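Numbering (our numbering), first residue to last: -10 to 210.
The following block contains the structure:
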């Protein structure tokens, strides 16, 4: 049995940072499912495929050349699409918006689901996303759902954008976060929600270290 830890939740709760640190601590593989959808969004845009061209989207999903690299002692993934690093482009609002719209397409989700499940390899996997514990790895022994207040998540998202040199303002970022929350929670396929057996952690007033301690306690137990 290959152990899997799922970390689900909306944007701005710290999933990516927590997942990276825990994966390195446990020496497990790491899956950032959001990066898969955002990289796919970049590929769709690069190839000028329309969002209503389902056959074209499915062909692209089958051909997607995507690679993740997590260097030792780093908290963020380097993502390569067609052997070109797209890590910075992945974090833009434009990419996130298109990725969120693509994620609502049921047939596409099924196609990318297979790619995600292939990340499950010994000695274990930390899977970060929105439906990891409810759909992709529903039989995972360790499930966590991270949440936080929407204003706090907007502040964190804006800070992340600014750190990568992308300009923004809090009112626009808050509106984008709220819009994506509504879309993720109301989509027909794999809506954002905690798995019934997930540990729910509110990170609003917690540091990354405090969240990691709680998650590691679940795994160690």
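Don't be surprised by glycine CBs; every beta carbon is placed ideally from N, CA and C. None of the values given here were measured: they were computed from a predicted structure.
Going by C-alpha distance, which of the options is nearest residue i?
i	options	result
residue 186	-10, -9, -5	-5
residue 55	111, 205, 42, 23	23
residue 134	111, 119, 42	119
residue 99	48, 146, -8	48
residue 103	124, 40, 176	124
residue 237	208, 87, 39	Any question about residue 237 goes unanswered here, given that the chain covers just -10 to 210.
residue 204	149, 164, 117	117
residue 13	26, 58, 51	58
residue 131	5, 208, 193	208
residue 51	40, 101, 153, 200	101
residue 5	210, 197, 202	197
I'd like to confirm the pairing. Which residues does DSSP put opposite residue i in its beta bridges?
i	result
residue 97	Partner(s): none; residue 97 has no beta bridge.
residue 188	133
residue 6	The partner list for residue 6 (beta bridge, DSSP) is empty, contrary to what the question assumes.
Residue i and residue j: beta carbons closer than 9 Å?
i	j	result
residue 0	residue 92	no
residue 70	residue 97	no
residue 122	residue 184	yes
residue 178	residue 108	no
residue 20	residue 105	yes
residue -7	residue 136	no
residue 176	residue -9	no
residue 217	residue 188	With the chain covering -10 to 210 only, the question about residue 217 has no answer from this structure.
residue 112	residue 191	no
residue 67	residue 74	yes
residue 231	residue 146	Absent from the structure is residue 231, since the part of the chain shown begins at -10 and ends at 210.
residue 155	residue 144	no
residue 36	residue 89	no
residue 94	residue 43	yes
With three or more beta-carbon pairs closer than 8 Å as the criterion, would you say the stretch 135 to 142 touches the stretch 9 to 20?
The stretch 135 to 142 vs the stretch 9 to 20: no contact.
Between the stretch 27 to 36 and the stretch 76 to 85, do at least 3 Cβ pairs fall closer than 8 Å?
Yes: the two stretches touch, three or more of their Cβ pairs being nearer than 8 Å.
Counting only runs of 3+ residues fully inside the stretch 64 to 90, write out the beta strand (DSSP E) ranges in chain order.
List check, beta strand (DSSP E) in window: 67 to 70.
Just to confirm the assignment: which complete alpha helix (DSSP H) runs, minimum length 4, are found wholly within the stretch 94 to 141?
The qualifying runs are 95 to 106.
Which runs of the alpha helix (DSSP H) at least 4 residues long sit entirely within the stretch -10 to 61? Give them in chain order.
Fully enclosed alpha helix (DSSP H) runs of 4 or longer: 4 to 15, 22 to 35, 43 to 52.
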